[in-house]
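Colleague: Each protein sequence line maps, in turn, to chains E and Z.
Those letters in the first sequence? Residues 9 to 341, per the numbering used here, in order.
Those letters in the second sequence? Residues -17 to 486, per the numbering used here, in order.
Positions of the beta carbon are idealized from the N, C-alpha and C atoms, including for glycine.
Note that the coordinates shown come from a computational prediction; the quantities given were computed from them, not determined experimentally.
My questions will all concern the structure given below.
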Amino acid sequence: MGRIIRMGSPANSFRFASILNTAGPFLGLLFVVGLFALSADLRPHFFSGANFKIILIQTVIVAIGALGMTLIIISGGIDLSVGSVVALASVLGATSLKQGYAPATVIVFVVCAGGLIGLLNGAIIAGLRMMPFIVTLGMMGVARGTAKWLSGSQTVNAPETAINSMMARMEPTQLFPLPPGVWITVGLALFMSLVMRQTIFGRYVFAIGSNEATARLCGIRVPLFKVLIYTLAGLFFGLSGLMQLSRLTQGDPTVAIGLELDIIAAVVIGGASLNGGTGSILGSMIGALIMAVLRNGTNQMGWPTYMQEIIIGAVIILAVGLDRLRQARARVS
Amino acid sequence: MTVRLRMTNVQKSFGATRALRSVSFEVGAGEVHALIGENGAGKSTLMKVLSGACRPEAGQIELDGEPFVPANPLHARHCGIAMIYQELNLAPHLSVEENILLGEEPATFGWLNRSRRRQMARSALAELHHENIPLDVPVGTRTVAEKQVVEIARALIGEAKVLLMDEPTSSLTQVDTENLFAVIRRLRDRGVSIVYISHFLEECQRICDRYTVLRDGESVGTGVMATASLNEIIRRMVGREIKEIYPRTPRQAGEAILELRNVAGELKPRSVNLSLREGEILGIAGLVGAGRTEALRVCFGLDRLKSGSVFVYANEQTHATPGRRLADGIGLLSENRKEEGLLLNRSVADNLTMTRYGALARWGFISQGRQRQAAASCISRLDVRAQGPGQPVNELSGGNQQKVALGRLLHHEAKILLLDEPTRGIDVGSKVQIYKLMAELAAQGKAIIFVSSYLPELLGVCDTIGVMCRGVLSAIRPAAQWTEHSIITAAIGQGENGLNMVRA
């Protein structure tokens, strides 16, 4: 008798927990949007297609970065060099456009530059068995310095090309058409979500983050996969840099300082654990949206920047705190 | 002799496991008392109770005639109970002096008193006749033996009345052991009581005054060391009745498929020779720390193989990665399912199938249906009590987790199974299921190496048995030629006649 009863209860809590797990960040997003609906003054401006378009465009850079960061954090690592890589990519892109390369070439070049830095990070982390925190902290300085060096510490103005239209706000008064950057983000998010859930590669990323010793025991070539993970993430960071270039229409070596922290926050709000082994692409995307909505909403309310910073900081702690509580409850029952 | 420490009827359970059923023993002032017992007899739990790491459920403890209930390790330490753990408890980056005085720093209003500190540390080391250890170097750079002295010096600073030592010689050389014995004698002469835990009975005979034997959480005998014979002590250690049933299957040993010749790792093992045949279950007995786990890890490619050679299906394949070994049909079940064996927050299905995702996938995409089907068949074959293939492994009981870890080798269709303590810490029902499965696999021609510390199961399940002692695997003999007594004798390094000590 006892066994049957005990068998029954974890089943229900398991299902309940798994629903909460996927819905949690989404409920958070609804809650944040709902908050701004409370103000009657704000409502008409906030709830307009034009504003949602702005929010989506503002999300793109963080969201693409979060695709790569989710991969890294699920595998139990971290990457602090993202902001610098984005700046370097924007400078590289602007410089090569200025020198007359075709936009298509520039796109490939910039994305690959990001991938190369990721490859370097991954090779050092896996090859020398160094802490990802330290390696990418170093890379943060190296990439930022290189960006300043290449640009002579000045912004590089790129000529008008197709790249600029990727983040352009065509028809600013309505939601559609959305710029290509948004659609690219959505497409990549769907693709990566599939990769993480359905492919051997995705399962191995989870396995390495969940328990590296077990992964080794099961014959997974952990160092190789670490290099692959950081390289793939680097490609996303490069793309994120391209979007940055497109939005500002110039390469700026001092742009995106602290961007990595926004990205990490988005991933963590989305349900990932910095210990590795948990997280989801969908969650991270919603996390990125929550950050953008908060920023946009507080802007519209006319609150000063310091207020925004305080609110966003508090939301990060609140979101992760709630997550811990939920997990603790799931463990007990 | 005045009684320093007395325990009466002490009991302690962890969940359903009764670690201490009823333990009574007493230690006099200035006495070295040996605590003897097999792995799992309850020695560690007893130490935990004494050092305040866990509270007993029943029974009395008296220290110098006063009732004594240690609330936590700090309280125990203040009452004069010091514990020297097997894996030493030092801060490697701090200096020798800082480690000796850790927690007992002489200070005025929080400011450290430098010269007083130096003098205290120096006098503690002098008392142990180890003034030669420099005070200012980081402890991490010293040898194991010196670290041990530092730890004992720390106990002296705390005015320890009772010193608990857990396997203090397990990683010492002969010379260091002699030095340690000299230190122990000096402490004894000062009136310190020492509880000495060791598997090496010969050492106990040399250093201890009296002994108490623990078996299955009960104290089953106590006596004076000088008049006790080793045979008598060993009989008390193993004297239990065999309750479990060990299923046997008709099977025939075939070709040799795995051969290790003089295999040695970085530290352990030092020499392993074995030949494993199809349809054979080969048991490896030995004490904790004898190098059994390391032997399997080196063989599987998880730890570096320093010398010797490995033959798989008569082909030499000495150096290999775990991936290569798995591809050759060799599977390892880790002794530590929580830290190494399983992805605890991942699903049962992932844990079962992760070594062979390739068989369930096309173009790198895993077919969910086929994975669920493969997992479900494993689950029903092993009778895993789980909600379904999607349930995270950490929601299962220990026995079911172990079945999942073992199921991975089944799904992998491993031909050679290296099982490290497969029945540790699981309920009897699951144990019997695992024995049955092993017998079935052997009948199908698979070969199994079965490492275990529980002698009845080794004798009941295995066809052949070898014993590991201090990194060396003994000659392998048919199980029928071994008894619990002869295995223990070999495991603690006694020769056939029970007196000659084999030691590095």
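So which residues on chain E does P304/Z lean against when the C-beta distance must stay under 8 Å?
Modeller: R224, L225, C226, G227
Colleague: Alpha carbon to alpha carbon, how far is R(-14)/Z from E87/Z?
Modeller: 27 Å
Colleague: Starting from the C-beta of E8/Z, find all residues in its chain whose C-beta is less than 6 Å away, skip the five residues before and the five after it, and write them out in chain order.
Modeller: V(-15), R(-12)
Colleague: Starting from I289/E, trace the alpha helix (DSSP H) both ways and give me its first and last residue.
Modeller: 289 to 308
Colleague: Please list the terminal residues of the continuous alpha helix (DSSP H) segment that includes T335/Z.
Modeller: 330 to 335
Colleague: Relative to the alpha-carbon of R152/E, which residue among P261/E, G122/E, A166/E, V230/E has its alpha-carbon at the smallest distance?
Modeller: P261/E
Colleague: Quick check: the stretch 357 to 371 of chain Z against the stretch 311 to 318 of chain Z, are there 3 or more CB pairs under 8 Å?
Modeller: no
Colleague: Between S253/Z and chain E, is there a C-beta pair that is closer than 8 Å?
Modeller: So, not an interface residue.
Colleague: Between the alpha carbons of T154/E and G126/E, how many angstroms are there, rounded?
Modeller: Between the alpha carbons of T154/E and G126/E lies a distance of about 15 Å.
Colleague: Would you say Y193/Z and A357/Z are within 8 Å of each other, going by their C-beta atoms?
Modeller: For Y193/Z and A357/Z, no; Cβs fall outside 8 Å.
Colleague: Got a sec: is the Cβ-Cβ distance from S(-5)/Z to anything in chain E below 8 Å?
Modeller: no
Colleague: Measure the beta-carbon distance from G76/E to G249/E and round it to whole angstroms, keeping in mind my assumption that it falls under 8 Å.
Modeller: About 12 Å separates the Cβ atoms of G76/E and G249/E, ruling out a contact at the 8 Å cut-off.
Colleague: DSSP puts R344/Z in a beta bridge; with which residues?
Modeller: R344/Z pairs with F347/Z.
Colleague: Where does the unbroken alpha helix (DSSP H) through G203/Z begin, and where does it stop?
Modeller: Here G203/Z belongs to no alpha helix (DSSP H); instead the beta strand (DSSP E) covers 200 to 206.
Colleague: For the beta strand (DSSP E) containing Y178/Z, name the first residue and the last one.
Modeller: 175 to 179
Colleague: Would F347/Z pass as an interface residue toward chain E - the criterion being a Cβ-Cβ separation below 8 Å?
Modeller: yes
Colleague: By the 7 Å beta-carbon criterion, what residues does the stretch 275 to 304 of chain Z contribute toward chain E?
Modeller: L284, P304
Colleague: Note down, in chain order, every chain Z residue with its Cβ under 8 Å from the Cβ of R211/E.
Modeller: D332, M336, Y339, I348
Colleague: For a contact meaning CB atoms closer than 8 Å, what does S292/E contact in chain Z?
Modeller: By Cβ distance, chain Z contributes nothing, its closest Cβ being about 18 Å from S292/E, past 8 Å.
Colleague: Taking the alpha-carbon positions, what's the N283/E to A274/E distance?
Modeller: Their backbone Cα atoms lie some 16 Å apart in a straight line.
Colleague: Starting from K(-6)/Z, trace the beta strand (DSSP E) in both directions and tell me its first and last residue.
Modeller: -15 to -4
Colleague: If we call anything under 8 Å between Cβ atoms a contact, is Q130/Z one with I63/Z?
Modeller: no
Colleague: Please report the Cβ distance between T67/E and L243/E, rounded to the nearest whole angstrom; I am assuming they are in contact, meaning their Cβ atoms lie under 8 Å.
Modeller: With a Cβ gap of about 19 Å, T67/E and L243/E do not count as contacting.
Colleague: Tell me whether the beta-carbon of M450/Z lies closer than 8 Å to the beta-carbon of A272/Z.
Modeller: yes
Colleague: Is the stretch 325 to 336 of chain Z in contact with the stretch 297 to 311 of chain Z, if contact means three or more CB pairs nearer than 8 Å?
Modeller: no
Colleague: Note down, in chain order, every chain Z residue with its Cβ under 8 Å from the Cβ of A215/E.
Modeller: L325, R328, D332, M336
Colleague: I want to know whether the stretch 173 to 185 of chain E touches the stretch 44 to 54 of chain E - three or more CB-CB distances under 8 Å.
Modeller: no
Colleague: Of all Cβ atoms in chain Z, is any one closer than 8 Å to the Cβ of T286/E?
Modeller: yes
Colleague: Should P185/E be labelled buried (16 or more other beta-carbon atoms within 10 Å of its own) or exposed?
Modeller: exposed
Colleague: Tell me, to the nearest whole angstrom, how far the beta carbon of I179/Z is from that of L169/Z; I am working on the premise that it is less than 8 Å.
Modeller: Wrong, their Cβ atoms sit about 16 Å apart, outside the cutoff.
Colleague: For chain Z, is any of its Cβ atoms less than 8 Å away from the one on S83/E?
Modeller: No, S83/E does not count as interfacial toward chain Z.
Colleague: Can you grab the Cα-Cα spacing for the pair L378/Z / T239/E, in whole Å?
Modeller: Computed Cα separation, rounded: 36 Å.
Colleague: When the Cα atoms are used, what is the spatial distance from P304/Z to V230/E?
Modeller: P304/Z and V230/E: Cα-Cα distance of roughly 11 Å.
Colleague: Measure the C-alpha to C-alpha separation of E248/Z and L287/Z and round it to an integer number of angstroms.
Modeller: 7 Å
Colleague: When DSSP labels each residue in this structure, what does R0/Z get in the three-state scheme?
Modeller: strand
Colleague: Name the DSSP bridge partner or partners of R243/Z?
Modeller: For R243/Z, which the question treats as bridged, DSSP gives the partners S291/Z.
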